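In what follows, a single structure is set out as structure tokens and then discussed.
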Amino acid sequence: MQHTIHQIYKAESRRVLATLIRLLGDFSLAEEAARFYAGVFPDSSVDGVWRAPGDYPAGKQGDVLTVQFTVLGIPWQITPVAGTDRGH
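According to my numbering, the sequence shown is numbered sequentially starting from 151.
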């Protein structure tokens with residue numbers, strides 16, 4: 151079963167991530183999503199979460215700026231696109 155999940159994920163990973171980002175919409179959920187996947191799939195982890203050190207024009211102190219995580223041994227990095235809804 152694990153081998154099958156890994157094969158599907160490798161074949162469809164880019165489409166899965168693009169769909170997740172569209173569905174999440176609010177980038178503030180990126181950390182939560184990364185932690186969910188790290189807890190569900192083997193060989194997965196949240197490798198780093200970078201937050202804004204202070205307020206800035208598009209957000210406030212503590213907002214998630216970048217999330218790095220690994221799912222099934224495949225590294226990912228999510229960074230918001232300028233002009234997207236950040237949940238504010």
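Positions of the beta carbon are idealized from the N, C-alpha and C atoms, including for glycine. The model shown is predicted, which means the values in this text are computed figures rather than measured ones.
Residue i versus residue j: straight-line alpha-carbon distance, rounded
i	j	result
R164	D205	32 Å
D193	L222	5 Å
L215	P207	13 Å
A183	V217	10 Å
G198	F219	7 Å
G212	E181	12 Å
E162	F186	18 Å
H153	W200	32 Å
Collapsed DSSP secondary structure at residue i in the structure displayed
i	result
Q157	helix
F186	helix
Cβ pair residue i, residue j closer than 9 Å
i	j	result
I228	K160	no
A202	S195	no
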